[in-house]
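Contents: one structure, followed by commentary.
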Amino acid sequence: MATKQKHKLSRAARQEERAGLLFILAPIVGFLCFMLFPICFSIVLSFQSWTGIGDMRFVGFDNFAELFTTPTFWYSLGNTFFYLIGIPIGMIIALFLAMGMNRKIPGVRILRTMYYVPVVSSLVAVSVLWNQIYTQSGLLNAVLKSLFGIDGPNWLYDPGTVKWAIIIFTVWKGVGGTTVLYLAGLQNINRSYYEAAEIDGASGWKRFTHITFPLLTPISFYIIITTIIGGLQIYVEINVLATGAYEFTKTAITVVYYIYDVTFNQMAGARMGYGAAISWILTIIILIITLIQFKVQNRWVYSAD
Amino acid sequence: MAKDKSNGSTGEVLSTKAKVANVIITVLLFLGAIVMVFPLIYMILMSLMTIRETISTTFVLIPEEWQWHNYVDIFSDSQFYNGVVNSVIVAVPTLIIGCFTSSLAAFAFAKLRFRGKNVFFMCLLATMMIPFASIMIPQYVMFSKVGLLNTLLPLILPGALGNISVIFFLRQNLAGIPSTLVEAALIDGCGYFKIYYAIFLPLMKGSLATQAILWFMGIWNDYLAPQVFVGRTQRLYTLQLVIMKYFEDNATVANYPKIMTASVFSMLPTLILFFVFQRFIIESVALSGIKG
Numbered sequence: 013m014a015t016k017q018k019h020k021l022s023r024a025a026r027q028e029e030r031a032g033l034l035f036i037l038a039p040i041v042g043f044l045c046f047m048l049f050p051i052c053f054s055i056v057l058s059f060q061s062w063t064g065i066g067d068m069r070f071v072g073f074d075n076f077a078e079l080f081t082t083p084t085f086w087y088s089l090g091n092t093f094f095y096l097i098g099i100p101i102g103m104i105i106a107l108f109l110a111m112g113m114n115r116k117i118p119g120v121r122i123l124r125t126m127y128y129v130p131v132v133s134s135l136v137a138v139s140v141l142w143n144q145i146y147t148q149s150g151l152l153n154a155v156l157k158s159l160f161g162i163d164g165p166n167w168l169y170d171p172g173t174v175k176w177a178i179i180i181f182t183v184w185k186g187v188g189g190t191t192v193l194y195l196a197g198l199q200n201i202n203r204s205y206y207e208a209a210e211i212d213g214a215s216g217w218k219r220f221t222h223i224t225f226p227l228l229t230p231i232s233f234y235i236i237i238t239t240i241i242g243g244l245q246i247y248v249e250i251n252v253l254a255t256g257a258y259e260f261t262k263t264a265i266t267v268v269y270y271i272y273d274v275t276f277n278q279m280a281g282a283r284m285g286y287g288a289a290i291s292w293i294l295t296i297i298i299l300i301i302t303l304i305q306f307k308v309q310n311r312w313v314y315s316a317d
Numbered sequence: 619m620a621k622d623k624s625n626g627s628t629g630e631v632l633s634t635k636a637k638v639a640n641v642i643i644t645v646l647l648f649l650g651a652i653v654m655v656f657p658l659i660y661m662i663l664m665s666l667m668t669i670r671e672t673i674s675t676t677f678v679l680i681p682e683e684w685q686w687h688n689y690v691d692i693f694s695d696s697q698f699y700n701g702v703v704n705s706v707i708v709a710v711p712t713l714i715i716g717c718f719t720s721s722l723a724a725f726a727f728a729k730l731r732f733r734g735k736n737v738f739f740m741c742l743l744a745t746m747m748i749p750f751a752s753i754m755i756p757q758y759v760m761f762s763k764v765g766l767l768n769t770l771l772p773l774i775l776p777g778a779l780g781n782i783s784v785i786f787f788l789r790q791n792l793a794g795i796p797s798t799l800v801e802a803a804l805i806d807g808c809g810y811f812k813i814y815y816a817i818f819l820p821l822m823k824g825s826l827a828t829q830a831i832l833w834f835m836g837i838w839n840d841y842l843a844p845q846v847f848v849g850r851t852q853r854l855y856t857l858q859l860v861i862m863k864y865f866e867d868n869a870t871v872a873n874y875p876k877i878m879t880a881s882v883f884s885m886l887p888t889l890i891l892f893f894v895f896q897r898f899i900i901e902s903v904a905l906s907g908i909k910g
């Protein structure tokens with residue numbers, strides 16, 4: 013009797029297992045075909061010299077040796093990290109905005125919508141738009157002239173301003189998303205903490221540093237991870253806003269732009285292996301940063317447990 | 619009684635102070651919001667200008683005569699028309715099939731017991747960290763080897779097999795629903811697919827719709843993948859590639875009104891979806907941050 017029941021149960025379990033595996037089959041096939049296989053192939057590729065046509069030639073670590081001695085690679089890496097300055101700037105602005113919107117003021121929904129609209133806008137379309145805004149006789153310089161009487165620079169051509177122009181653009185494009193996250197974080201904080209602090213006579217600044225900021229660390233952590241992973245892959249903005257810059261490869265090029273350029277653009281012959289090698293450096297950087305953040309998280313993210 | 623009154627008045631003094639602060643903050647926030655939205659308004663204004671007005675050395679903000687016909691003319695451009703069609707051809711099947719495969723997998727990951735479940739899930743989750751730039755080269759080679767480079771399939775297939783962030787979000791969503799529902803339905807003689815279809819899919823409907831909208835925005839606005847896979851076949855250009863093409867053409871023959879008109883059009887679907895469903899979209903975005 014007991015064995016029969018056990019048998020029956022395991023049959024049900026087997027049926028459940030079959031259904032489960034069948035239901036996740038599509039994403040697993042997708043994972044194997046479009047993720048795992050490409051990743052393995054890309055590792056192999058990074059040790060080859062290949063134009064995409066004809067035979068591959070194994071070159072060992074030559075691709076890596078070459079990229080570490082190529083100035084363009086280092087420029088692209090340096091610029092990519094430079095553009096990340098937009099992240100803390102955007103986070104600080106977003107925190108202020110969210111704290112403002114968290115008060116009892118009218119029109120919060122309209123405000124939130126207005127700040128969020130650039131987030132859902134097409135990156136290509138708004139990059140092209142800002143390309144026009146940044147021209148010598150464009151909107152930005154017209155505003156600077158009429159408000160402050162300043163003659164603005166030719167933002168996208170001047171190597172001194174092109175990076176900042178792109179950073180301003182990325183902050184404009186993304187600050188609404190960060191604000192929404194911070195606002196949700198603030199609304200999640202239990203009001204009783206503030207009431208208790210008020211009774212204890214804590215000043216506004218004390219309340220911020222002792223309640224608001226620590227309780228927002230988990231969400232800040234999430235914002236930092238996602239924006240860094242996204243920020244390291246900056247490409248479209250560069251393609252539209254920076255290609256006219258003086259000494260482009262020195263002042264503005266990014267890693268993804270460089271990968272695309274060596275792999276697909278060079279008419280003299282695509283360099284698939286070299287491109288794959290660069291892409292691996294990018295992947296490793298992203299993995300390391302993510303791991304560091306998860307390690308550091310334990311130290312500075314406030315947890316109620 | 620007098621005491622009560624004075625208490626009330628101090629309370630009022632405080633609240634008027636808070637009120638003044640709130641008024642100042644409201645004004646500042648609205649000023650900032652205008653700065654945020656103004657570039658997009660300028661985009662619409664430019665789409666209604668003449669070419670001469672957009673490239674004039676003296677800055678023009680308001681068109682002298684509103685060129686409404688720009689919005690009609692753009693459709694006579696076959697490039698633009700093709701771009702719209704191609705973007706729809708990519709987005710619709712990806713979303714319909716992808717939402718099915720993703721929700722089915724989310725149901726399995728959340729409610730069914732099978733060996734290797736966690737390993738499979740972690741594998742999928744780990745792929746979120748892999749940048750597209752790292753897999754685009756091998757994917758490009760793969761698609762060219764199987765002869766799919768001259769089609770839109772490289773843009774459809776990977777998504778149609780499921781989207782891990784959608785799976786992740788839906789799985790979180792189902793975690794709160796008791797598993798006894800599955801057992802009860804099994805006793806009633808339901809098969810597993812029917813349990814998904816008749817019980818859990820309706821339960822996921824709301825969050826699936828929100829995820830689908832966010833996903834649609836991602837597909838619609840994507841640029842790098844279309845550029846890699848169909849960048850050499852002009853008839854397959856998606857709307858974003860068409861706008862970029864207009865922008866590149868602009869360097870030789872400036873035509874900003876055309877670019878801006880196409881841009882405004884390309885942003886309409888996402889903006890309309892956002893305005894209609896913004897409460898759910900923002901909630902979902904905020905939730906992903908809080909649950910992390």
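Same order as they appear, the protein sequences are chains Y and V. With our numbering, the residue at position 56 of the first sequence is 68, and numbering never jumps. With our numbering, the residue at position 22 of the second sequence is 640, and numbering never jumps. Even glycine gets a Cβ: it sits at the ideal position worked out from N, Cα and C.
- Y:V140 is positioned such that its CB atom lies no closer than 9 Å to that of V:L842.
- With fewer than 16 other Cβ atoms inside 10 Å of its own Cβ, V:I714 counts as exposed.
- Looking at the DSSP output, Y:F70 sits in a beta bridge with Y:Q60.
- Taking a C-beta distance under 9 Å as the contact criterion, V:F739 and V:F750 do not qualify as a contact pair.
- DSSP, read as helix, strand or coil, puts Y:D212 in coil.
- For Y:F108, the uninterrupted alpha helix (DSSP H) segment begins and ends at G98 to M113.
- The beta carbon of V:W838 lies closer than 7 Å to those of S705, A709, P887 and T888 in the same chain, with the five residues before and after it left out.
- Annotated as proximal: Y:L193 and Y:I235, with beta-carbon spacing under 9 Å.
- Leaving aside the five residues that flank V:L722 on each side, the residues in its chain whose CB is nearer than 7 Å to its CB run, in chain order, Y814.
- Counted as a single uninterrupted DSSP element, the alpha helix (DSSP H) harbouring Y:V120 occupies residues V120 to V132.
- Taking a Cβ-Cβ threshold of 8 Å, none of the residues of chain V is close to Y:T182; the smallest such distance is about 14 Å.
- Comparing alpha carbon positions, the residue from V:L658, V:W684 and V:F656 closest to V:I669 is V:W684.
- Secondary structure of Y:Q245 (DSSP, three-state): coil.
- The three-state secondary structure of V:D867, taken from DSSP, is helix.
- For V:L766 and Y:L227, the gap between their C-alpha atoms comes out near 50 Å.
- Contact between V:V903 and Y:G64 fails: their C-beta atoms lie close to 39 Å from each other, not under 8 Å.
- The Cβ atoms of V:L742 and Y:P39 lie closer than 9 Å to each other.
- Listed along the chain, the chain V residues whose CB falls inside 7 Å of the CB of Y:T275 are I755.
- V:M746 is classed as exposed because its beta carbon has fewer than 16 other beta carbons within 10 Å across all chains shown.
- For the C-beta of V:L854, not a single chain Y residue is nearer than 8 Å; the gap to the nearest is close to 16 Å.
- Just measuring C-alpha positions, the residue of V:K735, V:T672 and V:K635 sitting nearest Y:L34 is V:K735.
- Residues of chain V with a Cβ closer than 7 Å to the Cβ of Y:P100 do not exist, since the nearest Cβ in that chain sits about 17 Å away.
- One thing to note: Y:Y258 has its Cβ no nearer than 9 Å to the Cβ of Y:I179.
- For V:V638, the closest Cβ of chain Y is not nearer than 9 Å.
- Ranked by Cα distance from Y:I237, the options Y:A25, Y:V41, Y:V71 and Y:P100 are led by Y:P100.
- Shown in chain order are the members of the stretch 659–681 of chain V whose Cβ falls below 8 Å from a Cβ of chain Y: Y660, M661, M664, T672, S674, T675, T676, F677 and L679.
- Within 10 angstroms of the beta-carbon of Y:R121 lie fewer than 16 other beta-carbons, which makes it exposed.
- Pairing Y:L151 with V:F865 gives a Cβ-Cβ distance that is not under 9 Å.
- The beta-carbon distance between Y:L253 and Y:W184, rounded to whole angstroms, is 12 Å. This is too long to meet the 8 Å contact definition.
- A distance below 6 Å between beta-carbons, with the five flanking residues on each side excluded, links Y:I201 to the following residues of its chain, in chain order: L227.
- Between Y:G189 and Y:V131, the C-beta spacing is below 9 Å.
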